[in-house]
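Peer 1: Following this message is one structure expressed as structure tokens.
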Amino acid sequence: MSVDARTATHVTSGARERSLWGRIDRGDLIRTLFVAACAVAVALGATWPWPQVPVIAVVGLVVGCWPIATGAWEDVRHRRMSMELSMLIAIVAAAAIGEWVTSLVIAAFVLAAEILEDLSMDRGRDALTDLMSFLPDTVQVRTDDGPVMRPLADVQEGDTVIVAPGGRIPVDGVVLFGRSSADQSRITGESWPVDLSPGSEVFAGSINQIGAVEVRAERVGADSSYGRIVDAVRQAQSSEPPVQRLADRLAAWLVYLALGGAVITYVVTRDLEATIAVVVVAGACGIAAGTPLAVLAAIARIARAGAFVKDGAHLEALSAVDTVVFDKTGTLTAGTPSVVEVRTDGMLDQDRLLTFAASAEAYSEHPLGKTMVASARTRSLELFPASEFTYEPGCGVTAVIEGHTVAVGNRTLVADAPEVVDAPGIASPVHVGVDGAYAGTILLADVIRPTPRAAIAEFHRRGVRTLILTGDQPATAQAVAAELGIDDVRAGLLPEQKLSAIDAEREAGRRVAMVGDGVNDAPSLARADVGIAMGSGTDIARESADIVLISSDLSDLVHTLHVARRARRIVMANFVGTIAIDLVGIVLASFGLLSPVAAAFIHVGSETAFILNSARLIPRRRVGAKVQSG
162 MSVDARTATH VTSGARERSL WGRIDRGDLI RTLFVAACAV AVALGATWPW PQVPVIAVVG
222 LVVGCWPIAT GAWEDVRHRR MSMELSMLIA IVAAAAIGEW VTSLVIAAFV LAAEILEDLS
282 MDRGRDALTD LMSFLPDTVQ VRTDDGPVMR PLADVQEGDT VIVAPGGRIP VDGVVLFGRS
342 SADQSRITGE SWPVDLSPGS EVFAGSINQI GAVEVRAERV GADSSYGRIV DAVRQAQSSE
402 PPVQRLADRL AAWLVYLALG GAVITYVVTR DLEATIAVVV VAGACGIAAG TPLAVLAAIA
462 RIARAGAFVK DGAHLEALSA VDTVVFDKTG TLTAGTPSVV EVRTDGMLDQ DRLLTFAASA
522 EAYSEHPLGK TMVASARTRS LELFPASEFT YEPGCGVTAV IEGHTVAVGN RTLVADAPEV
582 VDAPGIASPV HVGVDGAYAG TILLADVIRP TPRAAIAEFH RRGVRTLILT GDQPATAQAV
642 AAELGIDDVR AGLLPEQKLS AIDAEREAGR RVAMVGDGVN DAPSLARADV GIAMGSGTDI
702 ARESADIVLI SSDLSDLVHT LHVARRARRI VMANFVGTIA IDLVGIVLAS FGLLSPVAAA
762 FIHVGSETAF ILNSARLIPR RRVGAKVQSG
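Take the position in the sequence shown, starting the count at 1, then add 161; the result is the number in my numbering.
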């Protein structure tokens, strides 16, 4: 990471402390509130001095439409149709037929939507700042004159970096001295800590857990694993979103239809009144008002079910998804190990064996040891103090408990332990020896969450393909996939390899949703058509994602997909209905069979019908558990 980048990080770090109020542009907020107030005033009868042309309405539209007109002009200059241009035409058409309240409400909605979009981008910038600030600003480097503190930005390839217990490893490199274990889940997604010894490879962004180690730096700054994650998230945030808003595309067709119909009518008939009637009857108001309502109602319904969708474009993208990609650790599994089985050779019962093992591990900082201690306490087992304690990195611990020498670790430490061949594929054995003899084995596993099995079965029923991309070991990933019925598995992947897999799926024509929870998932969440983060995941995962499962319950994702597809069907029904009515109206108006007043009646009536159709998505108040729609 360059000095400039770090300086920018510190400059922008103060922005993270701003409140929601401090993030909103005051001018945009005042303009939006003013237009909304004008709409309320006109609705209450403030039509001075002329009921047909209220001054307050005209002023409100001039103030409100300025930024909308500016955006629409840019769209015209670049020869593209968008929701802003469609909204502007709808606002002008509504004002032309005297529907001042409708015109002002549409303008206020557009302005409010722009504020929400700006807030979303601001939160994304905060997430990137938090991600960049995870690594330490200064590190300890060994020199000929002894250890010295040096800014991380000044560390060069080949330098020897000293990492204390609990410290964050700042570079990619190789361990030269020391033994420890490291939590690499932020980078690889692997749920188990990795033992470190001379020659072990380490990644920036990992957390050193037990002993001090010295690491020879091989990749630093932007070239390190963590630096590449930061860069990938930054690029994803600065690029165009993967989908164009559905309302933009539909409104464009309606704009073309209205303008084309008006031109043809005037050329053929030279009847200005008929031409005006065509413009009035053929508008995008049904889509302009119905689509945002359908999207907002769907987002509200999804939120009530336990998920948060950040933008309507993401809701649209989800409705078209045909492949759901899962990270394993923390997404399909709990993300932390648990004791799943205690096996004894008959010397001790299960509780006694777990008591001995947990008593020995009570002095250890190793995550697996802490798991055994937690399991013993959950069973209300009394732990005994150890009179002696020895930790052997990569092997295990030995302690004297109640006069017995207890060894807890792998087969290197408990030499006569049998090889475990019948354990579940997701379980790892920890052997226990008492007084030099094998006493039993404790199986630990990152257990599968309770909801994925039913959720994945429902995805398959809906024709959605499933896939695991994980940095964990292939055997573990295959076992999880087999138990859950997932279609495909790719394991042992670093973050950039996950990105490549996502890209390959999209290049193959798949519409991909990525579900993850960790820092290492953030680039893939940003790159997929739809990124979905677990609510229990890291901040950067939640901010990089388009949808957050607040409850971390995958059944909520099934419900979210259902609502997204239903919202799309409603929007498409509104679009088809609007096209049909516009075509009939254009034909009638072009032949002089429809006056401007009648055209306005049809326009407002159809708009109301489509708004009511969209309103079917608005969640109703109810008591009891949520119902998963089929």
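Backbone N, C-alpha and C define an ideal beta-carbon position, used for all residues, glycine too. Computed from a predicted model, the values in this text were never measured in an experiment.
Could you check where the alpha helix (DSSP H) with V748 kicks off and where it finishes?
Peer 2: On the sequence shown, residue 748 is found 587 positions in, with the first residue counted as 1. From DSSP, the alpha helix (DSSP H) with V748 extends over 715 to 751.
Peer 1: Would you mind stating whether P554 and G334 have Cβ atoms separated by less than 8 Å?
Peer 2: The residue labelled residue 554 in the question sits at position 393 within the sequence shown. The residue labelled residue 334 in the question sits at position 173 within the sequence shown. Going by C-beta atoms, P554 is not nearer than 8 Å to G334.
Peer 1: Helix, strand or coil for A257, going by three-state DSSP, please let me know.
Peer 2: The residue labelled residue 257 in the question sits at position 96 within the sequence shown. Helix.
Peer 1: Specify the secondary structure class of E401 as computed by DSSP and reduced to three states.
Peer 2: By one-based count along the sequence shown, residue 401 stands at place 240. Caution is warranted here: a pLDDT of 46 is assigned to E401, below 50, making its placement in the model unreliable, and the coordinate value is therefore given only provisionally. DSSP places E401 in coil when its eight states are reduced to three.
Peer 1: Let me check understanding here. Comparing Cα to Cα, which of D305, A438, G360 lies closest to V748?
Peer 2: In the sequence shown, the residue the question calls residue 748 occupies position 587. The option with the nearest alpha carbon to V748 is A438.
Peer 1: So, with DSSP's three-state summary, where would you put E553?
Peer 2: Residue 553 sits at position 392 when you count from the first residue of the sequence shown. E553: strand per DSSP, three-state reduction.
Peer 1: Mind reading off the beta-carbon distance from V322 to Q301? Whole number of angstroms is fine, and I expect it under 8 Å.
Peer 2: Taking the first residue of the sequence shown as position 1, residue 322 is located at position 161. Taking the first residue of the sequence shown as position 1, residue 301 is located at position 140. About 7 Å separates the two Cβ atoms, so the contact holds.
Peer 1: For L265, which residues from the same chain have a beta carbon less than 8 Å from its beta carbon, with the 5 sequence-adjacent residues on both sides left out?
Peer 2: As a working mapping, residue 265 is identified with position 104 in the sequence shown. Excluding positions up to five away in sequence, the list reads V196, A197, C199, A200, V203, A218, G221, L222, G225.
Peer 1: For S548, does the count of other Cβ atoms within 10 angstroms reach 16, so buried, or fall short, so exposed?
Peer 2: Within the sequence shown, residue 548 is the residue found at index 387, counting from 1. It is exposed - the Cβ of S548 has fewer than 16 other Cβ atoms within 10 Å.
Peer 1: Count the other CB atoms within 10 Å of the CB of V737; is the residue buried (16 or more) or exposed (fewer)?
Peer 2: The sequence position of residue 737 within the sequence shown is 576, counting from 1. Counting Cβ neighbours within 10 Å, V737 comes out exposed, since fewer than 16 surround it.
Peer 1: Checking the sheet assignment: what are the DSSP bridge partners for I185?
Peer 2: Here residue 185 refers to the residue found at position 24 of the sequence shown. I185 is not bridged to any residue.
Peer 1: Here's a check: name, in chain order, each residue in its chain whose Cβ is nearer than 8 Å to the Cβ of P308, leaving out the five neighbours to either side.
Peer 2: Along the sequence shown, one-based indexing puts residue 308 at 147. For P308, where only same-chain residues beyond five positions count, the Cβ hits under 8 Å are Q301, V302, I323.
Peer 1: Label E401 either buried or exposed according to how many other C-beta atoms from any shown protein chain fall within 10 Å of its C-beta, with 16 as the threshold for buried.
Peer 2: Counting from one through the sequence shown, the residue named residue 401 turns up at place 240. Residue placement at E401 is flagged as unreliable, the pLDDT there being 46, under the threshold of 50; the coordinate-derived value follows with that caveat. It is exposed - the Cβ of E401 has fewer than 16 other Cβ atoms within 10 Å.
Peer 1: Using the C-alpha atoms, what's the distance from A616 back to I424?
Peer 2: Position 263 of the sequence shown, counted from the first residue, corresponds to residue 424. Position 455 of the sequence shown, counted from the first residue, corresponds to residue 616. Residue identity check: residue 424 is Val in the sequence provided, not Ile. Going by the C-alpha atoms only, they are around 53 Å apart.
Peer 1: Could you name the residues that DSSP lists as bridge partners for E502?
Peer 2: For the purposes of this step, residue 502 is taken as residue 341 along the sequence shown, with counting starting at 1. In DSSP, E502 forms a bridge with L604.
Peer 1: Would you check if the distance between the CB atom of I609 and the CB atom of L654 is smaller than 8 Å?
Peer 2: Position 448 of the sequence shown holds residue 609. Position 493 of the sequence shown holds residue 654. Contact: no.
Peer 1: Expressed to the nearest angstrom, what Euclidean distance is found between the alpha-carbon atoms of P215 and A257?
Peer 2: The residue you call residue 215 lines up with position 54 of the sequence shown. The residue you call residue 257 lines up with position 96 of the sequence shown. So the alpha carbons of these two residues sit roughly 12 Å apart.
Peer 1: Please go through the same chain and pick out, in chain order, the residues whose beta-carbon is closer than 7 Å to the beta-carbon of Y552, but skip the five residues on each side of it.
Peer 2: In the sequence shown, residue 552 corresponds to position 391, counting from 1. Closer than 7 Å at Cβ, skipping near neighbours: S525, V558.
Peer 1: Would you list, in sequence order, the uninterrupted alpha helix (DSSP H) runs of no fewer than 4 residues that lie entirely inside the region 581 to 658?
Peer 2: The qualifying runs are 613 to 622, 635 to 645.
Peer 1: Would you kindly work out how many angstroms separate the C-alpha atoms of G670 and D664, rounded to a whole number?
Peer 2: Residue numbering aside, residue 670 sits at position 509 when the sequence shown is read from its first letter. Residue numbering aside, residue 664 sits at position 503 when the sequence shown is read from its first letter. When rounded, the distance between both Cα atoms is 10 Å.
Peer 1: For L357, which of helix, strand or coil comes out of DSSP?
Peer 2: Taking the sequence shown and counting its residues from 1, one reaches residue 357 at position 196. L357 falls in the strand class under three-state DSSP.
Peer 1: Between E768 and Q634, what straight-line distance do the alpha-carbon atoms span, to the nearest angstrom?
Peer 2: Along the sequence shown, read from residue 1 onward, the residue named residue 768 stands at position 607. Along the sequence shown, read from residue 1 onward, the residue named residue 634 stands at position 473. Answer to the nearest angstrom: the Cα atoms are 56 Å apart.
Peer 1: Have a look at F771, L754, D743 and flag the residue whose alpha-carbon is nearest the alpha-carbon of L420.
Peer 2: On the sequence shown, residue 420 is found 259 positions in, with the first residue counted as 1. With distances taken between Cα atoms, L420 lies closest to D743.
Peer 1: List, from N- to C-terminal side, the beta strand (DSSP E) runs of 3 residues or more that fit wholly inside the region 309 to 335.
Peer 2: The qualifying runs are 321 to 324.
Peer 1: Would DSSP call A683 helix, strand or coil?
Peer 2: Counting from 1 along the sequence shown, the entry for residue 683 is found at position 522. It is helical.
Peer 1: Counting Cβ pairs closer than 8 Å, one from the region 327 to 342 and one from the region 503 to 516, do we hit at least three?
Peer 2: Judged by Cβ distances under 8 Å, the region 327 to 342 makes no contact with the region 503 to 516, as fewer than three pairs qualify.
Peer 1: DSSP on M533, reduced to helix/strand/coil?
Peer 2: One-based indexing of the sequence shown puts residue 533 at position 372. Looking at M533 - three-state DSSP - the assignment turns out to be helix.
Peer 1: Would you call the region 678 to 697 and the region 457 to 465 touching, i.e. three or more CB-CB distances under 8 Å?
Peer 2: Judged by Cβ distances under 8 Å, the region 678 to 697 makes no contact with the region 457 to 465, as fewer than three pairs qualify.
Peer 1: Assuming contact is defined by CB atoms lying nearer than 8 Å, are V569 and V593 in contact in what I supplied?
Peer 2: Along the sequence shown, read from residue 1 onward, the residue named residue 569 stands at position 408. Along the sequence shown, read from residue 1 onward, the residue named residue 593 stands at position 432. Going by C-beta atoms, V569 is nearer than 8 Å to V593.
Peer 1: Cα-Cα, which of T263, R380, S358 is closest to F364?
Peer 2: Counted from its first residue, the sequence shown places residue 364 at position 203. When each option's Cα is compared against that of F364, the closest is R380.
Peer 1: Assuming G319 contacts A378 (C-beta within less than 8 Å), just tell me the rounded distance between them.
Peer 2: Counting from 1 along the sequence shown, the entry for residue 319 is found at position 158. Counting from 1 along the sequence shown, the entry for residue 378 is found at position 217. Indeed, because the Cβ distance is near 7 Å, the residues count as touching under 8 Å.
Peer 1: Is the beta carbon of L249 closer than 8 Å to that of L230?
Peer 2: What you label residue 230 is simply residue 69 of the sequence shown in a count that begins at 1. What you label residue 249 is simply residue 88 of the sequence shown in a count that begins at 1. The question names Leu, but residue 230 is Ala in the sequence shown. Going by C-beta atoms, A230 is nearer than 8 Å to L249.
Peer 1: Alpha helix (DSSP H) containing L515: first to last residue?
Peer 2: Start at 1 with the first residue of the sequence shown, and residue 515 comes out as number 354. Element bounds for L515: 511 to 522.
Peer 1: Measure how close the beta-carbons of T566 and D607 come, nearest whole angstrom, since I'm counting them as under 8 Å.
Peer 2: For the purposes of this step, residue 566 is taken as the residue at position 405 of the sequence shown. For the purposes of this step, residue 607 is taken as the residue at position 446 of the sequence shown. The pair is not a contact, with the Cβ atoms about 30 Å apart (cut-off 8 Å).
Peer 1: Using the beta-carbon count (16 or more within 10 Å), is A435 buried or exposed?
Peer 2: Residue mapping note: residue 435 aligns to position 274 of the sequence shown, counting from 1. A435 comes out buried.
Peer 1: I'd like to check one pair, A638 with A652: are the Cβ atoms closer than 8 Å?
Peer 2: Reading the sequence shown from its first residue, position 491 is the one you call residue 652. Reading the sequence shown from its first residue, position 477 is the one you call residue 638. Yes; because the gap between Cβ atoms is below 8 Å, this pair is in contact.
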